[in-house]
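Structure first, then comments.
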Amino acid sequence: MRQSHNSNTIGLGLAIFGALLLTPDTLLMRLSELDGFAMLVWRGGLSGIAYILIWLWFTLRVERKMPAILTTSFGIVVLCQIANATFFSLAIAVAPVTVVLISVATVPIFAAILSQIFLGETLSKFAIAMAALVLIGLYIAVLGQDPTSIALDASTLLGAGLGLGVAFSLALSFTIIRKDTTVPFVLAIGVGAILAAILGALCADVLYLPSTANMLAIAFTGIVILPISFCTLSYAARFVPSSTVSLIMLLETVFGPLWVWWGIGEVATDAMLIGGGIVLFCLTAFLINQGRIASRQSPAQIADLDQ
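Structural data, given as structure tokens:
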């Protein structure tokens, strides 16, 4: 019981830390003033280098061994990172942010489906209810930013589709990391980020060096925020279901606009505050329930988890 409870606590703690650390990312993206492909080049390239340096430090320096990288799981995580980075940058460039964020908020749904398919993990009725309320809260919060910006046209549909692609790639990556505990996911994410940056460089019309202020903003999120947050979120998936990590990750959608409000003065609307409050309440209730479930697990259940 103690081992299962400790694993659950570690996983939830890592996921909460990673999600909260990720919250200023939107503000820094705005402060960088870069377009879609330029954002992909700098954000992906810098974060990819940081991921690989983190992997080199912990794997080669501490474990002093080379992991197996010619595996299906490694390739899937690399492809998921390329899709995640590319789709998000392109979606923000072509469609209203509201549509993109609502689409990305479906990541817990994809995670629950993939966890059922690959791991046989099912969501409780309570978790399903909380996930539904979280999506409602996010819809209220995100739509409240600019309800007039949404028009049913080709760009909006493309942005929604790309946002769904981001959600699916994140959910699949977390699920594979949980399923295959031998995959060097930090290296895989790093390789994927660098390949995404190369793709952005090939597609960009013009490559340029941002101003000092803009470069500092994109460098901080690329070198510090993205690597640390996604490493901890991905590692959390080793301890708790990917659907749980995905739900907690939605804290970024709630707190991101508040950072923008504080940083560049874009006032948060009443709908954003109400929707964010609903999300925070539901996530708090979900986390409390998860802690109670872990504390009540029997030794037999713990043995099943360890297999």
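Per my numbering, the sequence shown starts with residue 3, numbered consecutively.
We treat Cβ as the ideally placed atom computed from N, Cα and C, and that holds for glycine.
On a predicted model such as this, the values are computed, not experimentally measured, just so you know.
Counted as a single uninterrupted DSSP element, the alpha helix (DSSP H) harbouring Gly192 occupies residues 187 to 205. Excluding residues up to 5 positions away in sequence, Leu23 lie with their Cβ nearer than 7 Å to the Cβ of Ile230 in the same chain.
For a cut-off of 8 Å, the C-beta gap from Phe241 to Ile12 is around 5 Å, short enough to register as a contact. In the three-state reduction of the DSSP assignment, Leu125 falls in the coil class, being assigned neither a helical nor a strand state.
Per DSSP, the unbroken alpha helix (DSSP H) holding Leu174 starts and ends at 156 to 181. DSSP places Ile78 in the uninterrupted alpha helix (DSSP H) bounded by 74 to 96. Non-local beta-carbon contacts of Gly202 in its own chain, meaning distances under 6 Å to residues more than five positions away in sequence, involve Phe39, Leu42, Val43 in chain order. Residue range 253 to 266 is occupied by the alpha helix (DSSP H) that includes Val262. DSSP places Thr286 within a helical segment (H, G or I) once states are collapsed to three. Secondary structure note for Ile230: its alpha helix (DSSP H) is the uninterrupted segment 228 to 238. The Cβ-Cβ distance between Val168 and Val80 does not fall below 8 Å.
When secondary structure is reduced to three states using DSSP, Phe241 falls in the coil class, being assigned neither helix nor strand.
Judged by DSSP in its simplified three-state form, Asp272 adopts helix. Pairwise C-beta distances place the stretch 232 to 251 in contact with the stretch 176 to 188, as three or more of them are shorter than 8 Å.
According to the DSSP assignment, Tyr53 belongs to the alpha helix (DSSP H) that extends over 38 to 57.
Assignment of Val208 by DSSP, reduced to helix, strand and coil, places it in the coil class. Judged by beta-carbon spacing, Ile280 lies within the 8 Å limit of Leu135, meaning their Cβ atoms are closer than that value.
Assignment of Pro110 by DSSP, reduced to helix, strand and coil, places it in the helix class. Ser248 places its beta carbon less than 8 Å from that of Ala113.
Nearest neighbour of Gln292 by Cα position, chosen from Phe60, Arg32, Lys127, turns out to be Lys127. Between Thr74 and the set Met251, Ala190, Leu36, the nearest pair of CA atoms involves Ala190.
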